[in-house]
Each structure stands twice: as structure tokens, then as C-alpha cells.
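Mapped onto full-length UniProt numbering, the consecutive letters of the sequence shown carry residue numbers 1 to 123. Each remark here refers to the structure printed beneath this line.
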Amino acid sequence: MEDVGTATTATPAVSPLGGEPIKRADAERLAGVLKAVADPARLRLLSLIQSGAQGEACVSDLTALLGLSQPTVSHHLRILTEAGLLVREKRGVWAYYRLERSAIAAIAEILTPPRKRATKRVR
């Protein structure tokens with residue numbers, strides 16, 4: 001099974017819904033990534049970052065939008081970054097975050113049953 005994702009957290013390229021059993025190591029990696037997004041604040045962060053100007057945002061922008069403290073937002077951003085879902089870029093004293101689109105696409109592909117994937121591509 002080919003791995004897709006970042007060096008720190010890769011996700012399997014074969015869907016567990018595709019009929020072939022998922023290997024234990026691949027299931028553990030995928031579960032780690034899914035665990036990272038299984039929090040309402042983190043899901044909102046992904047959405048807020050993606051919809052931000054140029055598809056990015058800094059912590060100070062996100063704290064006000066979420067109504068959470070800066071340390072809490074930074075904690076959630078660290079978890080998403082370590083899971084390979086965000087890219088962090090330091091600019092002076094600010095850190096900007098953007099989605100790692102290939103990781104998000106890989107998760108969507110993994111969780112989409114093969115029949116649905118074929119239908120999506122035809123449209």
C-alpha cells in the first residue's frame with residue numbers, strides 16, 4: 001500500500017471502503033489524522049483558515065473568530081499541523097497557517113467508496 005501525506009503523518013492511499021482490508025499501521029495513521037479533526041474547534045479552524053484571505057490566517061485572526069484564548073487556539077493549530085493537515089509559515093513574529101490540500105484530498109479519497117469516486121470524476 002502506497003503512503004500519501006506528510007513525513008510526520010501519512011495516510012493510506014487505498015480506501016478501507018474499497019473491499020481490501022486496511023493494514024493495521026495504515027489504520028493507526030489514518031485514525032490519528034481523523035482524531036485530529038474530531039473536535040469542533042479544529043473543524044472550525046480548518047474552515048476559517050480555508051475561507052481566509054489567500055486561504056490562510058494567523059493565530060490572532062483566529063482567536064477572535066473562535067472566541068477561544070490564544071494558547072488554546074495555538075494548541076489546536078499544533079495538533080492539526082502535526083497531523084499534516086496544516087502548513088505553518090513564520091513571518092516575523094506572526095505564524096500563518098494554510099491547509100495542506102493534498103492531505104485533505106487524500107482523506108476525502110480514502111473515505112469515498114470506489115463507486116462514488118467513479119461517479120464524481122465523470123461529472
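Even glycine gets a Cβ: it sits at the ideal position worked out from N, Cα and C.
Q: For Ala108, name the three-state secondary structure that DSSP assigns.
A: Along the sequence shown, one-based indexing puts residue 108 at 108. In this structure, Ala108 counts as helix in the three-state DSSP scheme.
Q.
Tell me the rounded alpha-carbon separation between Arg88 and Trp94.
A. Your numbering for residue 88 matches position 88 in the sequence shown. Your numbering for residue 94 matches position 94 in the sequence shown. Per the coordinates, the alpha-carbon of Arg88 lies some 10 Å from the alpha-carbon of Trp94.
Q: Jot down the residue ranges of each uninterrupted alpha helix (DSSP H) in the UniProt domain "HTH arsR-type" (22-119), minimum 4 residues, whole runs only, in chain order.
A: Qualifying alpha helix (DSSP H) stretches, in chain order: 24-37, 40-51, 59-66, 70-82 and 101-111.
Q) Do Arg98 and Gly55 have their C-beta atoms within less than 7 Å of each other? A) On the sequence shown, position 98 is the one that residue 98 refers to. On the sequence shown, position 55 is the one that residue 55 refers to. Their beta carbons are under 7 Å apart, which means Arg98 touches Gly55 by this criterion.
Q: Have a look at Ala53 and Glu28 and give me their C-alpha separation to the nearest angstrom.
A: In the sequence shown, counting from the first residue as 1, residue 53 sits at position 53. In the sequence shown, counting from the first residue as 1, residue 28 sits at position 28. In a straight line, the C-alpha of Ala53 is about 34 Å away from that of Glu28.
**Q.** Spatially closest choice to Leu86 from Gly92, Ala105, Gln70 and Ser69, by CA coordinates
**A.** On the sequence shown, position 86 is the one that residue 86 refers to. Measuring from the Cα of Leu86, the nearest candidate turns out to be Ala105.
Q: Could you tell me if Arg42 is buried or exposed, where buried requires 16 or more neighbouring beta carbons within 10 angstroms of its beta carbon?
A: The sequence position of residue 42 within the sequence shown is 42, counting from 1. Looking at its Cβ environment, which holds 16 or more other Cβ atoms inside 10 Å, Arg42 is buried.
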